[in-house]
Each structure stands twice: as C-alpha cells, then as structure tokens.
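Letter by letter, the sequence shown follows residues 619 to 1245 in our numbering.
C-beta atoms are modelled at their ideal positions from N, C-alpha and C, and glycine is treated no differently.
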Amino acid sequence: MRLLASFLLLLAGACSPLGDTPQTAAIVSPILTTEDAKDPFTFAQPEVARVTHVALNLALDFDTQTVAGSATLDILAADDADTVILDSNGLEISGITDEGGAPLAFTVGDAVEGKGSPVTVSIDGTRQITVVYSARNAEALQWLAPQQTAGGKHPYLLSQGQPTLNRTWIPTQDSPGIRQTWEARIIAPEPLTVVMSGLVMGEPVAAGDGKRAFTFKMDKPVAPYLIAIAAGDIVFKELGPRSGVWTEPVMLERAANELTDTEKMIDAAEKLYGPYRWGRYDMIVLPPSFPYGGMENPVMTFLTPTFIAGDKSLTGLVAHELAHSWSGNLVTNANWADSWLNEGTTSYFENRIIEELYGARRANQEAALSFAEMEKTLAEEGVTNPITQLHLPPDLAIPDGGASGIIYDKGAVFLRTVETIVGREKFDAWLESWFDRHAFQPATSAMFLADMRENLVKGDAALEAKLMLDEWVYQPGLPSNAVRPDPAAFAEVDAAAAAYAASGTVDPAAWAKWTAAERQRLLAKLPRELNDQQLAALDRELGLSKTGNNEVLFLWLELALENRYDPAVPAAEKFLSTVGRRKFVAPLFEALMEQGAWGPPIAKRIYAKTRPTYHAVTQGTVDKLVM
Ligand code: BES
Ligand code: ZN
C-alpha cells in the first residue's frame, strides 16, 4: 500500500489541507501504528481509510425492537484507497451511497466469532458515505417492557457499547483507537425522552405520527464504544452548575439525593488532574437491568440504580465513572490488551476523589477492599498465570477478557505504589501532564511507561530500579514493592471476624456502627462454611436480608447460597428477578451451580424466568454458567 506524504502527516496529527474533502475542519486524532497498538477485534484498516465523523439519523421502534435509518460517515483516506472497511454485527444494510446519492458497491463478509462481519465499501474518490440500515435485537441495545421500569407504564431503551457491541447498531469502525466525532437525530414515540452521550442540540421537535426528533452532537473525537443512547419516561434534575441527573419520575428524588456530592467530585477531580474538558457532566440512573454498575459515556454517565443505598456509601461508583472523563475518555486504551490503562488508572483516580471528599479513612477502607479483591484473584488464578499481567498477552486480550481483580485492582495498586515511591506531589503533576499530553488520543502500556520514564523518572537509575515498572506491567503476580493497604483500615472488623470463629457471634451494636465498607469486609472474612443455625443467627442479628445496601445484600446472598441455605432462596430469587447487573447476577448463579444436587435445579428454574429480563451482556455470561 502506497501512502502519500500528506496523508501520513495527517496521521501524525498535522493540519495539512486535504483538498476539498469535507472533514478538514474536524479535529482528527492520530492513529497509532505500532504493533502493540493494533486492535485485532476490528476489521478496519485505518491506515488506509478511516471514519472521522458519524452522523446518525435513526428511528426507534419499540414494537419490533428495531433501530432503522442511516449513518453518514466522513472518511479520511489515502489518495489511492479503493475501499473503506467498517465493522458490523447483525446489521441489515439495504444500501450505501456516496455524497451525491449514487449507490456504492459493498460486500458484507462472513461473520467471525466475537467480531461480527466486515463491510467493505468501494469509495473511489468519495469521502462521505451513507449507510442505510436497520438493527433488530442488537446486542448493545436492551428494550425493556414497561414492567421492567420503575414507573411500569412506558417502555425503555438503553445501550451498552463497551467493548465491541456498538457495531450491532452503528455501522462504523468500532475500535477504541479510531476516534470519531458524531452527531445524531433520533426519532422516538411520545412521551419518551431520548438522551445520548453528547450535548443536546436544542429542544425536541415534532416528527409526526406522535413522534419527536431529538438531536445531539459530540464535537470531540471519542472512541466509538462511547456512543450511547437511552430512551424512556425520564425527567431531569439539576445537581450543580454543570451537572444533573436523569431518571424515571418515581426515582428522581432518591437518585438526586444520592448524587448531591457530584459537583464537589468534579471540582476534586479537576484539582487533582486538570480541567474537565467535556462541558456538562450529567448522569442517568437506569432501570436495574443495566448490566454494569456504571458506564462512563461522555457527558452522560450511565448508572445502575443498585448503587443507591440512601447514605451515599456506594458513590465510589460515581467517582469512578467521573474519573473516566480523564482516564479512558480523554486518554483511551488503543486496544483491549491494555484495558488496565482505562480501568486501573480510573480505580486509582476514583480512590483519590473519595479521599478528597470523604477523607482518608473511607478511602483507605475502599482501597483495602480493592487490594483484597486483587489478592483473591491472584490466589485463584495463580501468581505465574499470564492473566494476572496488567498488559494482557495476545491470546488473553479478548475484549471483556481480563480479570477485574487485575485490571482494576492491581492496576490501582501499581499507581499507588508509584505515587508512594516518587511522592504524591510529583506523581500527581506527572499524571495530570500525561492526560494533557495525550488528550483525545489513544495510548498503550508502552507509551505510558515511556512517558513515565521521560517525565517522571528522568534517568534516575536508583528510582528506576525501585519502581519495577516493567515487572508491574508485563509480568504476572505482584511485584515485591507493592504498597499494601493501611492495616488500621479494617483492624476492628478483622478482629470481629476472627472472634466470630471462637464465639459464633458478631456484636450487632458494633455492626450497626460500621461503615458499608466494614460490613462488606466482615462478610468477606467470615468462615466460608456455615451451617443453617449460624446463617439464621447472622441474618437475624445483623438484618442482612433486609439491608438496603446492595453490595452487602449480594455478599450475604452469595454466602448463603454457597452454604445451601434454603431460607435465602426466595430473597435471591427476588434479587435475580429485578437486578441484571452482571457483577451480582453471575456470581449468584455460579454459587448455585456449584452446589451439587441442591443448587443447579434452583439456578435453572430461576434463570428460565429471569433470562429474558437481562441485557445480552449478562445473558452471555450466565448462559455459560447455567445452560
Ligand atoms: N467501563 C466500565 C464498564 C465496562 C468495562 C464495560 C469493560 C464493558 C467492558 C465501567 O467504568 C466500570 O468499571 N464499571 C464498574 C464500576 C466500578 C468498578 C466502580 C461496574 O460496572 O461495576
Ligand atoms: Zn471503569
């Protein structure tokens, strides 16, 4: 493939004119071309032809669970490029035209597991193409029946794009290193309101037939997994000058009350690592079927309602998704082998926000919970297992493939360790400058370490030796310099867990005073084998099955099911029938499936009923466990 000098300059981010092509005005982020930056989960060949802007014009049909319309794509291509290759998965493409409306030849290749099908479009001289298509039962999209919403009257739509699901409803180059600006016009039936991960462009307008058109725009280049949509009977409440929350009317007060610290979190995050560059920071609290705790969709974080505990004890989730506005959305892992760059950096940043807002005690407790998660993963997987590397080797680097105890928790411990060795002030200045130098660009582990060496280590051989950077990123297990959590964080609750082994009770008065993190710690530290009497006593004395904290409730249900405790089955069934968050749902089904003759029939009975209420993400994981 012959590449012209002007095209290479554009790849490097220089602003050379591209003749009369339409995309010259847009910001164009560079594409990384090194081997470690290549994404094996896209069919795109961005060095030949790449999408720089997506304009969606789509209608939502709740009856047939279909989005239909068109995507107009601006293409930046080498002068001699014949084709552009897009990603797709299950799309029904009826035609592709050039900017003059003339049909373009295209082929849809065979589907590849986990990747979908390439759409190869002949472009000749054209630099803007329009794909007319529909997507029915797209995996990214969950269409909820009214009964699955809090209000119970209207249907609801939500999307989840990360890591590779957006190609099931948007025909584009679906790779985190190929950043695109986008705009959208979305038609939805009244009275539903549509929100997206972009800024709203004016009031909705009547579109005939009891429908309204909503318009959005994201003028900063983003990784395509960050395009998101939700539609439902939702209302908005302002939280601060640049933040607010969307949710169903009956949820609004509870959601807004839990989120009153949002503006302070944004301020704290900016003070730590530089300006918030996205304009508004709004959130939507979704129905409980949302498959994740949260998703960092730009300007519109998506949240599970299960983080609402009434006491803000689980708002680390909000700090986490907000932190992604820097680590993940501003600087983005170039491919899924380096998702620790997104998630580990964010988990570290999350904890720093928590420290700023709520103090060192809460932050240390949450860091200690995270450290324990890492240790659990290391013990389960084995410290020589390559799955415990931050940078995943090619055979393990499947999207959604890493262990969270590594990508999130070991990743956070790595940065905590560097912070401790170089000192907080220097570390913070460096991390802020990293985000700044790489803003709106993809990054790899190698770039992260190189930048750290150039701007933080600066040739100090003794410091270099102390940091063990390569071991942290490229080796399994835990490097010897790892900074351990403050042992005081859980001194009291660990003593109570140890005493339980002797006395068989936990003091309810102590429990009542504990933080949510301490309660989670206790449940993690209790003996794994308990009999019915012991479980009944714990539940009675600590009120476990009546807790309003879903993290605590989950740990209790898991412990109970692992011990074949029949009285917990109705509560587990109720939980699994309302909540679709994979982190909760999958381990509970797994616990049941591991219980010999007792659990699997219960799991199968419940899953037969609840499966249709889950998002494809959760279905995919639980199918492997139960079916
Ligand atoms: N970006 C993730 C969710 C995600 C990761 C989706 C990988 C698809 C593939 C999000 O920021 C996240 O980490 N959510 C966590 C929250 C938490 C660690 C506080 C979750 O959903 O539990
Ligand atoms: Zn995250």
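C-alpha distance - residue i paired with residue j, whole-angstrom precision
i: R1182; j: K771; result: 38 Å
i: E968; j: E1043; result: 17 Å
i: Q663; j: V739; result: 12 Å
i: F920; j: P1060; result: 22 Å
i: V702; j: V853; result: 40 Å
i: R1146; j: L1153; result: 11 Å
i: G1122; j: L1171; result: 21 Å
i: A677; j: A686; result: 5 Å
i: N1073; j: A1221; result: 53 Å
i: I714; j: A848; result: 27 Å
i: I1024; j: S965; result: 11 Å
i: Q798; j: A723; result: 24 Å
i: D837; j: V917; result: 12 Å
i: F832; j: P807; result: 11 Å
i: L762; j: S1051; result: 43 Å
i: M901; j: F834; result: 16 Å
i: P585; j: P1205; result: Not covered by the structure: residue 585. The range shown for the chain is 619 to 1245.
i: V1240; j: V1203; result: 8 Å
Beta-ladder partner(s) of residue i, from DSSP
i: N675; result: S688, R803
i: S740; result: T701
i: Y1118; result: For Y1118, which the question treats as bridged, DSSP gives no partner whatsoever.
i: M1065; result: The partner list for M1065 (beta bridge, DSSP) is empty, contrary to what the question assumes.
i: S735; result: S706
i: M1245; result: In DSSP, M1245 forms no bridge with anything.
i: V863; result: K855, M901
i: Y891; result: Partner(s): none; Y891 has no beta bridge.
i: I714; result: V749
i: W761; result: L775
i: P603; result: Residue 603 falls outside the range modelled here, since the chain spans only 619 to 1245, and no answer is possible.
i: V669; result: I693
Three-state class that DSSP yields for residue i in the structure shown
i: D1125; result: coil
i: G1238; result: helix
i: V1170; result: helix
i: F1058; result: coil
i: N960; result: helix
i: S777; result: strand
i: T790; result: strand
i: K930; result: coil
i: D1018; result: coil
i: L694; result: strand
i: R1199; result: coil
i: T725; result: strand
i: K1131; result: helix
beta-carbon residue i near the ligand BES non-hydrogen atom, thresh 7 Å
i: K1260; result: Shown here, the chain extends from 619 to 1245; a query on residue 1260 therefore has no answer.
i: E876; result: no
i: H1233; result: no
Residue i Cβ short of 7 Å to the ligand ZN heavy atom set
i: T1165; result: no
i: E961; result: yes
i: T919; result: no
i: E1208; result: no
i: E991; result: no
i: T964; result: yes
i: E914; result: yes
Environment of residue i [buried if 16+ CB atoms lie within 10 Å]
i: K1249; result: As shown, the chain starts at 619 and ends at 1245. That puts residue 1249 outside it, with no answer to give.
i: M814; result: buried
i: K1028; result: buried
i: A1226; result: exposed
i: T878; result: exposed
i: S988; result: buried
i: M883; result: buried
i: E1001; result: Note that residue 1001 is Val in the sequence shown, not Glu. Exposed is the call here.
i: T1228; result: buried
i: P1017; result: buried
Any non-hydrogen atom of the ligand GDP within 7 Å of residue i CB
i: L676; result: The ligand GDP is absent from the structure shown, which contains only the ligand BES and the ligand ZN.
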